[in-house]
Amino acid sequence: MRTFKWPKGWIVLSVGLLLFGCATSEDVRILDEDIRQFQSELNRIRKEEGTLRRELNALRGELAPVQKKSQDDISLLRTETQTETQKLQSVQSDLLLRIETLQSEMRILSTGVEEYKDFLKRPSKEIDRLKGDVETRLRILEERWKGLEDKDKAADQRIKEIGDRLKGLESKVTELASKLSEFASKLAEAEKAAASKEPPVEVKGVSTGVGDLYKDAYETLQKGDLEAARRKFEAFLKQYPNTELSDNAQFWVGETYYLRKDFEKAILEYEKAIAKYPEGDKIPAALFKQALAFLELGDKTNARSLLKRVIERYPHSEQAEMAKKRLEGIK
16 MRTFKWPKGW
26 IVLSVGLLLF
36 GCATSEDVRI
46 LDEDIRQFQS
56 ELNRIRKEEG
66 TLRRELNALR
76 GELAPVQKKS
86 QDDISLLRTE
96 TQTETQKLQS
106 VQSDLLLRIE
116 TLQSEMRILS
126 TGVEEYKDFL
136 KRPSKEIDRL
146 KGDVETRLRI
156 LEERWKGLED
166 KDKAADQRIK
176 EIGDRLKGLE
186 SKVTELASKL
196 SEFASKLAEA
206 EKAAASKEPP
216 VEVKGVSTGV
226 GDLYKDAYET
236 LQKGDLEAAR
246 RKFEAFLKQY
256 PNTELSDNAQ
266 FWVGETYYLR
276 KDFEKAILEY
286 EKAIAKYPEG
296 DKIPAALFKQ
306 ALAFLELGDK
316 TNARSLLKRV
326 IERYPHSEQA
336 EMAKKRLEGI
346 K
């Protein structure tokens, strides 16, 4: 928005009024009061804008470490989950191997028992020897079975612990994802507010009719009557297509469609602001809002292209900083 220096404008206006005798001292006093009111309103809005920017910067600073920490935590949790899963698989494999070994030994023992029955009719010394061998092997097998049962219980306990830990990890991942989503939502709202923020209407440097018509349309937009505001801005552009306020009016036409979530029409109206007024100061904002509209439509390719154009062509603009943040969030 182009501004007009008050002291110089006042001097020219005062001299003109005195030369042509078109104003009284009372008119001058009223005009001076209006000027002070406009200046006061301008200072108030600028303070609000500064506060919004500080909040936006604080939100960005708060989000950055949370995102990094969340990513690190998720990576660590995934690594721990993989490690615990591998350990569990190893325990299960070892358990299965031991069970197979025990079953094989039990089959051997059964064979031995059958042999023992066959030897019952043999001399007592041989029977005693075989009986001792069988009893020894039975004791060994019992000890091994007991050890295997202990290991089986330990494995079950380990599996239970791993399951409980996995549940805890899943809960933590869900919590981190929710927190990231909340911060991303706050950042998006702050970006939209910053992109749409405009100082109070300054109509100095243009004729009274032009300024009044633009001011009326803008105030209608601020009240939230999007349809009426769009009609008034379009009427302004039809009557004054090439004034200092025309590029702003075209941008706000696109903004009325964007706020109504008619993103396709919004993109077309923003494009008019870019094509018709290539030297206007609304170009960075129009490009950035086009990118946001494409994102809403699910077209990430065009959104990336527009965000990169804002950064490359207008690196010092406020929209360039917001475009960088948006690019980081597009996958």
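Mind the numbering: the sequence shown is residues 16 to 346 in this note's numbering, read in order.
Glycine is no exception: its CB is placed at the ideal position from the N, C-alpha and C atoms.
Computed from a predicted structure; not experimentally measured.
- For the set Ala244, Tyr229, Tyr272, the Cα lying nearest the Cα of Leu236 is the one of Ala244.
- Runs of the alpha helix (DSSP H) lying entirely within the segment 297-328 and spanning at least 4 residues, in chain order: 298-311, 315-328.
- Residue environment for Ser40: exposed (fewer than 16 other C-beta atoms within 10 angstroms of its C-beta).
- For Thr316, the closest C-alpha among the options Thr66, Glu294, Ser332, Arg341 is that of Arg341.
- Across the set Lys276, Gln254, Ala290, the C-alpha of Ala290 shows the shortest separation from the C-alpha of Phe266.
- According to the DSSP assignment, Ser261 belongs to the alpha helix (DSSP H) that extends over 261-274.
- Taking the Cα of Glu311 as reference, the smallest distance to any Cα among Lys280, Glu294, Glu333, Ala335 is reached at Lys280.
- Rounded to the nearest whole angstrom, the C-alpha separation of Leu112 and Gly147 is 29 Å.
- Judged by DSSP in its simplified three-state form, Asp277 adopts coil rather than helix or strand.
- According to the DSSP assignment, Lys339 belongs to the alpha helix (DSSP H) that extends over 333-344.
- Ala318 sits close to Ile345, with the two beta carbons spaced by under 8 Å.
- A straight line joining the alpha-carbon of Gly295 with that of Asp262 spans about 6 Å.
- Straight-line spacing of the CA atoms in Lys102 and Val325 works out to 51 Å.
- In this chain, Glu294 is not harboured by any alpha helix (DSSP H), its DSSP state being neither H nor E.
- Here Leu252 really is in contact with Ala264; their C-beta atoms are around 5 Å apart, less than 8 Å.
- Runs of the alpha helix (DSSP H) lying entirely within the segment 35-76 and spanning at least 4 residues: none are present.
- Shown here, Lys238 sits in coil according to DSSP, grouped into three states, outside any helix or strand.
- Secondary structure at Tyr255: coil, using DSSP grouped into helix, strand and coil.
- Within a 10 Å sphere around the beta-carbon of Thr100 sit fewer than 16 other beta-carbons, which makes this residue exposed.
- Counting only the Cα atoms, Ser90 lies some 47 Å from Met121.
- A direct Cα-to-Cα measurement between Arg44 and Phe309 gives close to 51 Å.
- Cβ atoms of Gln334 and Phe303 come within 8 Å of each other, at about 4 Å.
- The residue among Lys238, Ala232, Gly239 with its C-alpha nearest the C-alpha of Glu249 is Ala232.
- Out of Leu321, Thr98, Glu242, Thr116, the CA that lies nearest to the CA of Arg275 is found in Glu242.
- One alpha carbon belongs to Thr258, the other to Lys287, and they sit about 15 Å apart.
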